[in-house]
Structures are given as structure tokens and as C-alpha cells.
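Step one of this worksheet: look at the structure below.
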Amino acid sequence: MDAMKRIAVFTSGGDAPGMNACIRAVVRTGVYNGLEVFGIRRGYQGMIDDDISQMTRRSVANIIQLGGTMLKTARCAEFMHPEGRSKAAENLKKRGIDGLVCIGGNGSYTGALHLFQEHGIPTIGLPGTIDNDLFGTDFTIGFDTAINTAVEAIDKIRDTADSHDRVFLVEVMGRDAGFIGISVGISGGAEGILIPEDARDLEKIYRFFDRKDRRSKSFSIIVVAEGDEEGGVLQLAHKLSSRYPDLDIRATILGHIQRGGSPTANDRILASRLGYSAVLALLEGQQSQALGIVNNEVKMTPFEQAIKQQKPINNSLIRMAEILAS
Ligand code: F6P
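Here is the structure:
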């Protein structure tokens, strides 16, 4: 195999705070090691459209503190088909790009795996999603910022909940997973947490409010993951009001504010470590691997495994949250 000379970096799927810090680390580590580094705009869409340009140390100056992604991002339906991937591979080969760093989630990793299998383009995947739902890493880039944003919002909701003696159902993001829900619930001191991984969560809420003294407690915060089987806070508010007409219930969907904002120090450090390690992995000859941090060490997981395996929620956290709310 010839030595790697040109690599490209892109962000794909939902944006996450810390993606810029990660791009910066990839570009600067690449340039330091004598590589030419390119940036692909709008993820796989930009690969297909040949929206690719060279980056320098300077082009990533003053971005470490910014949310969003300077390279923009997209969810690209065309890349799910072999024809789209062939177009993308042709553009990369024409430009002599020998390796890729993909910052994204599960769907982005799947695209990278197909690109490698069909066209032999080596790719290192880095976990960029606020959901923290990727196997092979304890934390994903953006998760820490997102939970801090949500907790800040809950602290504010507490003020008005307390003033009016109300129950607030607060919906947090997490398409299929409850990592944001459980973390925000614990750190926001919630009385209840509903996440898709806990099949008994609604039963626990009923048990809580079935006690009259609980209903006369001045206020309560219930955190609900958007992916919970109850189907969102509006439906849940309706269900709870029918069962407990004496409760004054309000529902708040925090939504995309959780995806924005300046990344926390932890996210910047995580993003920098992973971006740096991804370039070293490509230089070492790694070809189709997802990187993550496990027990504070950078770990590699083959894409096949990272895509297929589900990261479990720590059940002891669910139990602890229940006891602390009792
Ligand atoms: O995967 C990150 C995420 O923010 C999920 O938590 C959420 O379900 C989804 O993206 C929202 O996607 P979009 O911004 O495309 O509506």
C-alpha cells in the first residue's frame, strides 16, 4: 500500500457541538504529519456533488469554541444507493484522496462501511451525535454540551414550576435511546424519568402520583426521552391529566436548542483526542474502524460491530435515579 498523502474530513447526520473542534484536530494533525487535508461540505452530499476544498491550519483557526459544523452537514438519501456511492468514490479518486475521517452517527458509519466495501476507501469514524447512543465509546462528541444545555433549561423550568405548584413534563432529545434522558433526569433532580430502555417507567410515575402526598408536593419535574414508547410529552400530559385531574400539568419540548451552543470543555477535549487519533490511525493503515473513548483510552471498533451492537444503559443509574427521587 502506498503511503497516504491526501485525506478528507466531513461531518454527517445531525450536527453536534464539538464537531468543529474535531475538524480542527483532524486538519492540524494531518498537516503536521505532512498530509494534504481536504474538507467535504454537507457530508456524503458534498462527496457526490464534489463540494470539496483544501484546508489549512489557518482555515480551522478560531473555531474550537463554536457549535454547529463549519463543514455543514446533511442526511443524504442518494448515498444510500450504490449509484450515489460510485459517484462519490469517483470524485474522491479523481482528487487522489486516500483516506477519510467521518464525524457522525450510526447512519454515517453505515455509509462509510459501504464505501470501503464497494470502493476500498479507508475511513475512520468518529462518534459525533448528541444522543451518546454509539457502541464502542463511553461518550460521543456533543453529548456533554447537550445535557448541560438541557439541565440549564430544567433549572429555569423549576422556578416557574415551583411558583405555580405545577408538574412539568420536559421532553429531551434521543431518537432511540435514553442516554440524554437519564443523565438530564439525574442532574436535573427529576421526580421521574421516562426512557425507551425502561419498560416500567410509566408504572413508576403512576406509583409516584398515586400517593396523595406526592400530588400535593409543590411541584415535580418529569424528564421524558423523545424516543420513549409513550410517544412524547403532549400525549403523556393528556394521559396524566385524565388520571390525576387535580394535577396542574404543563409540557415543554426542549428540541433543537440541545444541539446548539458552544461545546463544553469536555466535548472539546473528547473531539480533539478523537480527531488527532483518527489521523494517526489512517497513517498506521487502519481502514474501516470507529474510534471511541473507553475508560479514558482511545479504542478502535470495526464498523460492522459499532453499527450492529447496541450500547446498553447502565441499569444501576435507573435504579439510583428512582431512589433519589423517592
Ligand atoms: O441524532 C441526533 C438527534 O438530535 C436526535 O436526538 C433527534 O431525534 C434527531 O437528531 C432530530 O433530527 P433532525 O434535526 O433531522 O430533526
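For the sequence shown, numbering that gives the first Met the number 0 gives the first residue as 0, with consecutive numbering after it.
Yeah, the Cβ is synthetic: ideal placement off N, Cα and C, and Gly gets one too.
Contacting residues, own chain, Cβ-Cβ under 8 Å from residue i (five flanking each side not counted)
{"i": "Gln286", "result": "Phe115, Pro121, Thr122"}
{"i": "Asp50", "result": "Ile39, Arg40, Arg41, Gln44"}
Pair within 8 Å by beta-carbon distance, residue i and residue j
{"i": "Ile194", "j": "Ile204", "result": "no"}
{"i": "Ala160", "j": "Phe302", "result": "no"}
{"i": "Ile39", "j": "Gly83", "result": "no"}
{"i": "Gly103", "j": "Gly12", "result": "yes"}
{"i": "Pro262", "j": "Gly127", "result": "no"}
{"i": "Ser217", "j": "Asp132", "result": "no"}
{"i": "Ile156", "j": "Ile220", "result": "yes"}
{"i": "Leu201", "j": "Asn32", "result": "no"}
{"i": "Gly291", "j": "Gly177", "result": "no"}
{"i": "Leu235", "j": "Phe208", "result": "no"}
N-terminal and C-terminal residue of the beta strand (DSSP E) that residue i is part of
{"i": "Ile248", "result": "248-252"}
{"i": "Cys21", "result": "Note, Cys21: premise wrong, no beta strand (DSSP E); alpha helix (DSSP H) at 18-31."}
{"i": "Met299", "result": "296-301"}
{"i": "Ser315", "result": "Unbroken run through Ser315 is the alpha helix (DSSP H), 314-324; no beta strand (DSSP E)."}
{"i": "Arg242", "result": "No beta strand (DSSP E) holds Arg242; the alpha helix (DSSP H) holding it covers 232-242."}
{"i": "Val361", "result": "For residue 361 there is no data in the structure shown, the boundaries of the chain being 0 and 325."}
{"i": "Glu35", "result": "35-39"}
Host alpha helix (DSSP H) of residue i (start-end)
{"i": "Phe208", "result": "200-209"}
{"i": "Met79", "result": "Taken as a continuous stretch (DSSP letters only), Met79 belongs to no alpha helix (DSSP H), as it is neither H nor E."}
{"i": "Gly106", "result": "105-118"}
Integer-rounded CB distance, given that residue j should sit under 8 Å from residue i
{"i": "Met172", "j": "Glu225", "result": "6 Å"}
{"i": "Gly57", "j": "Phe37", "result": "The residue asked about is misnamed: residue 57 is Arg in this sequence, not Gly. The Cβ separation is near 15 Å, so there is no contact."}
{"i": "Ile248", "j": "Ser240", "result": "5 Å"}
{"i": "Thr144", "j": "Gly17", "result": "7 Å"}
Other residues of its chain near residue i: CB distance less than 6 Å, five sequence neighbours each side excluded
{"i": "Ala149", "result": "Val171, Val183, Leu253, Gln257"}
{"i": "Ser271", "result": "Ala20, Ala24"}
{"i": "Ala330", "result": "In the structure as shown, the chain begins at 0 and stops at 325. Residue 330 is therefore absent and cannot be evaluated."}
{"i": "Thr109", "result": "Ile306"}
{"i": "Gly106", "result": "Gly12"}
Neighbour-count burial assignment, residue i, 16 or more Cβ in a 10 Å radius
{"i": "Val169", "result": "buried"}
{"i": "Glu190", "result": "buried"}
{"i": "Leu323", "result": "exposed"}
{"i": "Thr55", "result": "exposed"}
{"i": "Arg27", "result": "buried"}
{"i": "Ser276", "result": "buried"}
{"i": "Glu228", "result": "exposed"}
{"i": "Asn130", "result": "Note that residue 130 is Asp in the sequence shown, not Asn. With 16 or more Cβ atoms within 10 Å of its Cβ, Asp130 is classed as buried."}
{"i": "Met319", "result": "exposed"}
Residues of its chain near residue i, where Cβ-Cβ distance is below 7 Å and the 5 sequence neighbours each way are ignored
{"i": "Asp14", "result": "Gly67, Thr68, Thr72, Arg258"}
{"i": "Pro81", "result": "Glu117"}
{"i": "Ser52", "result": "Phe37, Gly38"}
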